[in-house]
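**Student:** One structure is given below, represented as structure tokens, and several questions about it will come after.
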Amino acid sequence: MTTANNRGRKRKVNHKDVIQWRLQNKASRRKTAEHFGLSAAYVQELWRKAGMSYQSPVPSGGASFRKDWKAIADYRKENRASVTETCRVFGVSRTTVTRACQAHGVNLEVQQ
1 MTTANNRGRK RKVNHKDVIQ WRLQNKASRR KTAEHFGLSA AYVQELWRKA
51 GMSYQSPVPS GGASFRKDWK AIADYRKENR ASVTETCRVF GVSRTTVTRA
101 CQAHGVNLEV QQ
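The sequence shown: position 72 = 72 (full-length UniProt numbering), numbered continuously.
Set out below in structure tokens:
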């Protein structure tokens with residue numbers, strides 16, 4: 001009998017490819033799992049082992065995240081985007097957008 005939860009050998013994938021694809025596509029665990037033919041639990045395990053935040057497709061802490069802060073601040077400035085819109089685009093919290101804008105001198109007032 002075959003079940004939806006086969007416990008057979010896991011498909012071999014490069015975990016860096018999974019992480020990179022998820023970041024580039026701002027994909028959920030489920031969509032990432034479907035794309036690579038993996039379980040969502042396995043994607044979550046890879047995500048955690050890579051030191052990634054559970055909720056967001058943006059790296060947590062470290063120098064690589066600071067690089068993303070510049071992209072967040074630049075996006076908001078160039079597109080005159082609201083904090084809420086910027087949050088949706090980058091998949092980050094309001095606090096992250098606020099900190100990124102403060103760190104890169106972007107005015108936090110309502111954009112016109």
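Every residue gets a Cβ at the ideal spot worked out from N, C-alpha and C, and that includes glycine.
Pull up the distance between the alpha-carbon of residue 40 and that of residue 92, whole angstroms please.
**Tutor:** 21 Å
**Student:** Over what stretch of residues does the alpha helix (DSSP H) that includes residue 25 continue unbroken?
**Tutor:** Residue 25: member of the alpha helix (DSSP H) spanning 15–25, first to last residue.
**Student:** Between residue 100 and residue 69, how many whole angstroms is the CB-CB distance? I'm expecting something under 8 Å.
**Tutor:** 4 Å
**Student:** Just mark residue 46 as buried or exposed, buried being the case when its beta carbon has 16 or more other beta carbons within 10 Å.
**Tutor:** buried
**Student:** From 30, 106 and 21, pick the residue whose C-alpha is nearest to that of residue 79; which is it?
**Tutor:** The candidate whose alpha carbon is nearest that of residue 79 is 106.
**Student:** Using the beta-carbon count (16 or more within 10 Å), is residue 48 buried or exposed?
**Tutor:** exposed
**Student:** Once the 5 residues before and after residue 89 are set aside, which same chain residues still bring their CB inside 8 Å of it?
**Tutor:** 75 and 81
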